[in-house]
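Here's the structure, in structure tokens; my notes come after.
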Amino acid sequence: MNKIVFTCILAAVLFSCSSSQEEQREDVRFRLVSAVESGLNFKNQLQPDENWNIIDYLYYYNGAGVSVGDINNDGLPDLFFTGNEVDNRLFLNQGDLKFRDITGESSILPGGWSTGSTMADVNGDGWLDIYVCQVGRYRGRKERNQLFINNQDGTFTEMAAEYGLDFSGLSTQAAFFDYDLDGDLDMYLLNHSVHSVNSYGPATIRQEKDPMAGDRLFRNDLATGGVFTDVTRNAGIFSSQIGYGLGLAITDYNNDGLPDIYVSNDFHENDYLYRNLGNGKFAEVGEQVLGHTSRYSMGNETGDLNGDGNIDLVTLDMLPGDPSILRKSAAEDRIEVSEIKANYGYGPQFVRNALQINSGHEAFSDLGVMAGMYATDWSWGALIFDMEYDGKPDLYITNGIVRRPNDLDYIQYLAFTSRKSLDPSDKEMTSRMPGLKIPNVAFHNQGNISFADSTTAYGLNVPSFSNGAVYSDLDRDGDLDIVVNNINDDVFLWENTGPAGNYLEIEVRPGSSNHFGVGSRIELYAAGQIQVREIFTTRGFMSSVEPLAYFGLGDASKADSIVVYWPGNERQKILNADLNRRLTIVPENTEKNIRNKTNTPLLTTSSFNVDWQHKENSYRDYKREPLIPYELSMEGPAAAVGDVNGDGRDDIFVGGAHGQASVLFLQETGGFSKTIPAVFTGDAEFEDVAAEFLDVDLDGDLDLYVVSGGNEYAEGSEMLSDRLYINRNGTFDRASRVLLPERLNGSTVSINDLNGDGFPDAFIGVRSVPGSYGTFATSYLLINNGNGELIRDESFSVEGMITDAAWFDADNDGDQDLCVVGDWSPIRIFLNENGTLTDEPYEVSGTRGWWRSVAAVDLDNDGDDDLIAGNAGLNMKLKTSVEKPVELYLNDIDGNGQPDPVIFYWLEGQQIPFASKDELDKQVPVFKKQFSSYQAYADADDLPQVIRQMNPEGGIVRRVDTFASVWLENAGNGTFSVSLLPGETQWSPVQDIFVGKRQVKGGVPVILGANSYAMNIAIGRMDAMPGSLLLFDENGGPELTGNFLENGIQGDFRVVKPVMVNGEEQILLVRNNGEAELMNVNNNR
Amino acid sequence: MRLKGWLIFMIGCAGAVMFSCEEAPKNVDVSVDYMHSSMQNLTDVIVHDIFSPPVAARIYAYPSIGAYEIMAATDSSYRSLAGQLNDLTSIPQPEGEVDPEIAAVHAFNLLGKKYIFSEDRVMAFHDSIMTDIRKLGVDEEVYTNSVNWGDAVAAHIAEWSNLDNYSESRSFMKHTVSSDPDSWQPTPPAYMEAIEPHWSSIRTFAIDSADQFTPERPTAFNVDPESQFYKEVMEVYETGKSLDEEQSEIASFWDCNPYVMNVHGHVMFATKKITPGGHWMGIAKIAAQLDNADFAKTVYTYALTAIALSDGFISCWDEKYRSNLIRPETVINRYIDEEWTPLLQTPPFPEYTSGHSVISGAAGEALTSIYGENFAFVDSTEAKYGLPIRSFESFRDASSEAAISRLYGGIHYRPAIDNGITQGRALGNYIVDKLQFREE
């Protein structure tokens, strides 16, 4: 009884909602066509009971699918809906968005708990068949997956068993594609799992086959008189109980003509990217090719979103985009749980949607955060299609869950305070779980890898619990409509009514038993743009689209050329095709497909091997500072280059983390010899973060300054002493070592003869006050007293969280000035006046950032020194602007002697803490008194004010103006103009900058070492762009000439330094917690 | 010892004389039930807010001591703990005529509010009982004086508690998990970090230092099937697999895990119960009621029990992070049976010694010192949480059962239980001997 009443209330809310929105939608793009109008009276109605609900079956609210395809070959796409507790139904398109239910007359049989459906011509007769996935062999459910073979007369016959496809288990969705390129369609079956996540097992569990869960690959052997044969194991497909498969995409991501497979797995299991090896086997390459993935990966989708001809990937997760819902929802793992998962062998995963942009070189960069599509709440289906036909494919995401199990009040408080005899029923536990309908999201592709949320503008903001969805031009009027399968509501039929550009629909008919040309790749060139479509029909979530390529072409008047890559190795080109029609292409004048050979790589490994690996120690800053946005104990390694033994060859010093001895690589004719002087072994406990060679005593050989750092030891600890190693006849020995008196968490050393006395002086940057993120530390100058001793200059200091510094002539007066950069501060330039640095710096306005690096050189060849400054980058959830800055509020809120650093950012018009409530509670226990429930915290207005009021005394506010990496042109009159570095340099924090000498071409080559794996879990690993190469020509502007990903180089780079090897300049790349590499740069490729 | 006791007695006597001069005629009879219900409300809020066992014990201690100090200041048969508990000084004197029971209930709730999160839950309860008390017809001035005194005493106790290093310890390093084979690892399903690794830095109440009752070393970790350690592991494993009905019931009865995480796929929810300390505060209430203890004896019971619990946790936690021993669940899953789960969810801190054993030993001795060796009682403390009632011959009987329940529950090896109860009883007896509550 209660249940019925409840359902009615929900329905009433929905109707009042949609009717009030109806009026506003007059002139918007999409019109909701009612079930009465369309005849699509299908509703995936759920009625949980005591034995079947989200507690008994964890995927109870995952919903069902929809397939679109022309089942009677009348030119009109028909619709098939699956239902979980209602019967599946088939609707025939009668034109004008009118549909007729032909389920009964077509002999489509009911399923059980049906999940995904796929339309495909399984038997190769030119008619679409329907495959329906089921949940079977679980809690009394016995159903088997169904295959409805099209009888070509409007009826179907269920023949799954006859075809060998009557799998019974935890199926999610199937995809039909020709993996072995033998001309017929094979089937990949995506299954999920109900294995309890009570115990995380090691990742090696994925090697163990499970009877119900885990995916399957079936080879089509009909042509040889067989059926579909299970080839899972031989093909190298994982099929285990940790295969929580919720999303399936087939795509040829590496454009080698062989279809590959992407599988989204829920929970701790990695997503799988299976590269098709072409010999009937697949290699799972996810961890090699993807820096990280979504965590609770649900639906996925493929398509070229940045117009470079490479297929990108979208995966969905469950991070709320609404700042209020976000504050009361569980998201990322606690740090200790994430460590356990990493130790078990699982790859890095983050709770957010991913937009994996394909470099075309077996490497993807997740730019979902930068693109603005990373948080769409519980998201199920993603579809990439061009809503406006403007030539740039857009993104549509279905979302919503009837009960939100990640509601933190539910987890912590609402559940119950007893057990055993007073246990409430599962149904009762379910009903206490809150739910909320939210609108599906339409992201308009604005180009440059950025999306605008156009949900409201397009009239799509109707709250719902939506799962499967498809796009199709259902009314054949030249634009794409949307159909969505909803839980507890009628399906949505969204008619596209908005203005649309020119278009072309392409169908391909290869003439094999792969009748509809599944696996074809179609490239269309028009108006100077390339667009790519692949004919793979399993898309979105539990759904399938037509075997058709829909191209939007904006104002283009024709398709300049169309290249069809047929399954196999043939291609053909069609020139000057007319638009606004459906074009059918059959093989004609085909040619052998010649794959583009890759160019000479820009970076190749040097024959001079530097065999060294930095091993970061296990200290985790979050254990003491839960609110820290990134670890300050992962700043190493140190590296310096110079001729130590006076043989005219560059040698290399690399300094390790706490517990790892530093190493000298002495260059000899054929390579480097590695030595660890005893004094370095004795100093292994120091964490080396920066080093430079200098001749401190002017005795003609190079001495070594090494900066000690780390956030682990308190200021004043001997572990934070810098060391000066004096070179005595080519050796550093114990007696030559000097411990410097300052004991701070250092970050950088910059050597220069400041006062012109011939003896080198040093600026020492200090990163932080250990244990007190946000408190500014004091950086200082060491002046050489002429006896080889470095003495602190008490008259000069720089406050900040300094990361890097550069000496250069800022004011063109012939002496060396100092540029200093760091976190929460602007770029500052301290002028040298008569051998001393001025106290008052020139601050470049609007440049407060999280600077990581700075370098100076005359970039534009106008005779004065310019600057390049590396920042944290733009691919971060923290977005800042002068109007809506990221702010650090630093105060000892609870008076326990530890300043509490609370970082605020703006999200959807609200300024909120970046940390979660749990993290705030941990740092400031009285915060729990302030907000004793997550709901109270979610509802709170003006949190910055509330938090300030908790201790109105004191408090410091720091801000960031920009996270973009920039270059600064010296105008020569003491002012600098700031310009952004281009494109992909903004994808990751730029950690080090190497500036080369002016080349023959007249440009200055610059290499940026980038990425950071030291960010906290909410920011996530920043691995989108490990490094870039730029050329500044003499007219100023920088031009991207290449990047590390294209050269197969990934890592968390901290040092980029030149090394002369046999008279040739090579580049030393040094990673945090990874290997050092010496590379040749092939600038003349 | 005798001499010291005598001196304190003299001072206490002088105080009693002074108060007896101000005998208040208009006092009403404030039922001791207000004290019991205030304690019950505090327990409910502790359960709601999710405090770990050591922190919960601290929350019980200060309000109980505050209430006790008020009663001791006005009842000549009791002696103040000022000078007896570490750093505690005498509470302020009342101004004018007061009703000590009103002051005690008021101070208890004010102090309770200070240490928990859901302040509104404490204050709503406080306001309702204060309204009831006023309805008893208490003189307005006496009422006001009593409330003012309660405020002053609460402030005094709060100031004392502020210096116990609790606040500072919130910013100490969290526990770092070691990869040594014998070291504690986070346990399923929530894999929580080890709680309160620096609890030994909290000021003790009555014992000299956290390590005053360091137990014997635990059995050395060894996975050789012939080793003593392995045998102890197998005892946990085998016992867990062959539990009889009563053993299961005992394990559940003494579970006292304030935060059990249930995981069903995406669905997770916490089951919350009283802490081990909360269970013993419940037994203290049962004993006081069975004995028809008056208001003063009741707060004495609560204060001594809470002090024993608090120092017991400090002593136990000192050992836990000294030995940092791996839990049976981790060892069994690693070396014996991947699928094995204990009957009780393993709580998130190192194994040795068993917290419940130590504090039950300590609290059992404390209650025995008040109510005697053979005080039989029926323990219905867990009835609220759906568990049956159990009968005990004595407090020691109950504490022994609480200790062995950890073996049945699969969360402790036997030495943690045997050495834990020894540690707790020694600590409890030390406190009983040291603290002079009664004028003799």
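These protein sequence lines are chains Y and C, in that order.
If you're matching positions, the first sequence starts at 50 in our numbering and goes up one per residue.
If you're matching positions, the second sequence starts at 37 in our numbering and goes up one per residue.
Backbone N, C-alpha and C define an ideal beta-carbon position, used for all residues, glycine too.
Source: prediction; values computed, not measured.
Does any residue of chain Y have a CB that is nearer than 8 angstroms to the CB of residue i?
i	result
P222/C	yes
T212/C	yes
A464/C	The amino acid occupying residue 464/C in the given sequence is Gly; Ala does not appear at that position. Taking Cβ atoms only, chain Y never reaches closer than 8 angstroms to G464/C, which makes this a no.
E268/C	no
R370/C	no
I286/C	no
F305/C	yes
M209/C	yes
H315/C	no
E204/C	yes
S116/C	no
E155/C	yes
Assuming residue i contacts residue j under a Cβ cut-off of 8 angstroms, what Cβ separation, rounded to an integer in Å, is found between them?
i	j	result
W316/C	L345/C	6 angstroms
L403/C	I319/C	7 angstroms
A113/Y	N455/Y	Not really, about 22 angstroms apart at Cβ, beyond 8 angstroms.
P128/C	V189/C	7 angstroms
Excluding the five sequence neighbours on either side, which residues of its own chain have a C-beta within less than 8 angstroms of the C-beta of residue i, listed in chain order?
i	result
N920/Y	G898, W899, W900, R901, T1011, F1012, A1013, S1014, V1015, P1038 and V1039
D699/Y	V690, G691, D692, Q716, V1108, M1109 and V1110
D866/Y	W856, F857, D858, A859, D860, I878, F879, L880, N881 and L886
Which word fits residue i, buried or exposed, when buried means at least 16 other C-beta atoms lie within 10 angstroms of its C-beta?
i	result
K470/C	exposed
A1059/Y	buried
I643/Y	exposed
V418/Y	buried
T718/Y	exposed
R1008/Y	exposed
D65/C	exposed
L830/Y	buried
N516/Y	buried
E274/C	exposed
Consider the Cβ of residue i: report whether some Cβ of chain C lies at a distance smaller than 8 angstroms.
i	result
N455/Y	yes
G296/Y	no
Y679/Y	no
D943/Y	yes
Y762/Y	no
V386/Y	yes
M591/Y	no
C66/Y	Unreliable positioning characterises C66/Y in this predicted model, as indicated by a pLDDT of 35, which lies under 50. The coordinate reading is nonetheless provided below. Cβ-Cβ to chain C under 8 angstroms: no for C66/Y.
S981/Y	yes
By Cβ distance, which residues of its chain are closer than 7 angstroms to residue i, with the 5 residues on each side in sequence left out?
i	result
Q1048/Y	P1054 and N1132
T887/Y	F879 and L880
Once the 5 residues before and after residue i are set aside, which same chain residues still bring their CB inside 6 angstroms of it?
i	result
I231/C	S88, P384 and F385
Given 8 angstroms, three or more beta-carbon pairs between the stretch 774-787 of chain Y and the stretch 740-751 of chain Y
yes
Taking 8 angstroms as the cut-off, does the stretch 1018-1029 of chain Y touch the stretch 930-937 of chain Y (at least 3 CB pairs, one atom from each stretch)?
no
Spell out a yes or no on whether the stretch 594-601 of chain Y and the stretch 555-563 of chain Y are touching, meaning 3 or more CB-CB pairs, one atom from each, closer than 8 angstroms.
Under the Cβ criterion (8 angstroms, minimum of three pairs), the stretch 594-601 of chain Y counts as touching the stretch 555-563 of chain Y.
Using a Cβ distance threshold of 8 angstroms, determine whether the stretch 361-375 of chain Y contacts the stretch 953-960 of chain Y, with at least three qualifying pairs required.
yes
Do the stretch 401-421 of chain C and the stretch 242-258 of chain C touch if we need at least three Cβ pairs shorter than 8 angstroms?
no
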